[in-house]
Amino acid sequence: MKVSYWCGDKIRLRAPKSEDIRMFENLDDDILKNLDSIAFPRTNQQIEEWINEISSQGASTVSDDFYWIAEDASNNAVGTIEVSGCDAKNGTFDYAISIFPPYRGKGYAKDMILTILKHYFLELRYQKATICVYSFNASSIALHKKLRFVEEGRLRNMIYTNGTFYDEVYFGMTKDEFTKIHAN
Numbered sequence: 001m002k003v004s005y006w007c008g009d010k011i012r013l014r015a016p017k018s019e020d021i022r023m024f025e026n027l028d029d030d031i032l033k034n035l036d037s038i039a040f041p042r043t044n045q046q047i048e049e050w051i052n053e054i055s056s057q058g059a060s061t062v063s064d065d066f067y068w069i070a071e072d073a074s075n076n077a078v079g080t081i082e083v084s085g086c087d088a089k090n091g092t093f094d095y096a097i098s099i100f101p102p103y104r105g106k107g108y109a110k111d112m113i114l115t116i117l118k119h120y121f122l123e124l125r126y127q128k129a130t131i132c133v134y135s136f137n138a139s140s141i142a143l144h145k146k147l148r149f150v151e152e153g154r155l156r157n158m159i160y161t162n163g164t165f166y167d168e169v170y171f172g173m174t175k176d177e178f179t180k181i182h183a184n
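Residue numbers for the sequence shown follow full-length UniProt numbering, beginning at 1 and rising by one.
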């Protein structure tokens, strides 16, 4: 049996492909709001250029920043996870995660996060991961607390969407914490 390093218990992570344009064309405003804010509509060409840009990141840069599509056992795209802000000198990185609505609450986000943390902590020698979650995203806050991330701070009224300002809540986990809690 062939085992892929990029597989968790429920998901397989892969690089974006040009066919993913259909998936990104159909993201609804709730997903976009959780990622940053509701953006103006993009043309297919703009989406295609963005997919080409994120697809070539790993091959053309010296950074460990990367963007993955997560698929379930039936090859359905269940969400995305992006690692950015990689600082190899200090061993820190940030990530952002999005789970598509039909796949929420089924353990995919947990599996995606743990797969990424395992790689960055145990293979690339990073020592700390940080994520910013908007205060209206109660499910993501609950998940990170369940995974035993530490809430490290809150910046008040930092994101404006749907007529309201929301806080940015920062969570972090060190490699030592990860190995004590999650490493087998």
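For glycine and all other residues, C-beta sits at the position ideal for the given N, C-alpha and C. Everything numeric in this text was worked out from a predicted model, so none of it was measured.
Span separating the alpha-carbon of residue i from that of residue j
{"i": "Asp28", "j": "Arg154", "result": "Note that Asp28 has pLDDT 49, beneath the 50 cutoff, so the model's placement of it is unreliable and the number below is only indicative. Spanning the two alpha carbons is a distance of roughly 27 angstroms."}
{"i": "Gly85", "j": "Phe100", "result": "24 angstroms"}
{"i": "Glu19", "j": "Thr161", "result": "30 angstroms"}
{"i": "Arg12", "j": "Ser74", "result": "10 angstroms"}
{"i": "Met112", "j": "Asp65", "result": "16 angstroms"}
{"i": "Leu114", "j": "Leu147", "result": "9 angstroms"}
{"i": "Ala96", "j": "Trp6", "result": "17 angstroms"}
{"i": "His182", "j": "Gly8", "result": "13 angstroms"}
{"i": "Lys180", "j": "Met23", "result": "37 angstroms"}
{"i": "Thr174", "j": "Asn76", "result": "31 angstroms"}
{"i": "Lys10", "j": "Lys89", "result": "32 angstroms"}
{"i": "His144", "j": "Lys110", "result": "9 angstroms"}
{"i": "Tyr67", "j": "Lys118", "result": "16 angstroms"}
{"i": "Arg14", "j": "Lys106", "result": "19 angstroms"}
{"i": "Ser60", "j": "Leu122", "result": "Legend: pLDDT at Ser60 = 47, less than 50; position of this residue unreliable, value from coordinates given subsequently. In a straight line, the C-alpha of Ser60 is about 23 angstroms away from that of Leu122."}
{"i": "Asp72", "j": "Ser98", "result": "14 angstroms"}
{"i": "Arg104", "j": "Ile141", "result": "14 angstroms"}
{"i": "Lys33", "j": "Ser139", "result": "Confidence at Lys33 is low in this model, with a pLDDT of 49, below 50, so the placement of that residue is unreliable and no value is reported for it."}
{"i": "Phe178", "j": "Ser63", "result": "23 angstroms"}
Among the options, nearest to residue i - alpha-carbon criterion
{"i": "Phe149", "options": "Asn76, Gly172, Gly107", "result": "Gly172"}
{"i": "Arg156", "options": "Leu143, Asn162, Tyr170", "result": "Tyr170"}
{"i": "Phe165", "options": "His144, Thr179, Asn137", "result": "Asn137"}
{"i": "residue 190", "options": "Arg14, Asp9, Asp87", "result": "The displayed coordinates of the chain run from 1 to 184. Any statement about residue 190 would go beyond what the structure contains."}
{"i": "Lys128", "options": "Ser98, Ser139, Lys110, Asp176", "result": "Asp176"}
Sub-7 angstroms separation of residue i and residue j beta-carbons
{"i": "Val83", "j": "Tyr108", "result": "no"}
{"i": "Ile81", "j": "Ile131", "result": "no"}
{"i": "Tyr120", "j": "Phe93", "result": "yes"}
{"i": "Ile69", "j": "Pro16", "result": "yes"}
{"i": "Gly163", "j": "Tyr126", "result": "no"}
{"i": "Met158", "j": "Glu151", "result": "no"}
Residue(s) in a DSSP beta bridge with residue i
{"i": "Lys89", "result": "Answer is none; Lys89 lacks a bridge partner."}
{"i": "Phe165", "result": "Tyr160"}
{"i": "Met173", "result": "Ala129"}
{"i": "Trp68", "result": "Ile81"}
{"i": "Asp94", "result": "Ser84, Thr130"}
{"i": "Glu151", "result": "Phe171"}
{"i": "Arg12", "result": "Cys7, Glu71"}
{"i": "Ile99", "result": "Gly79"}
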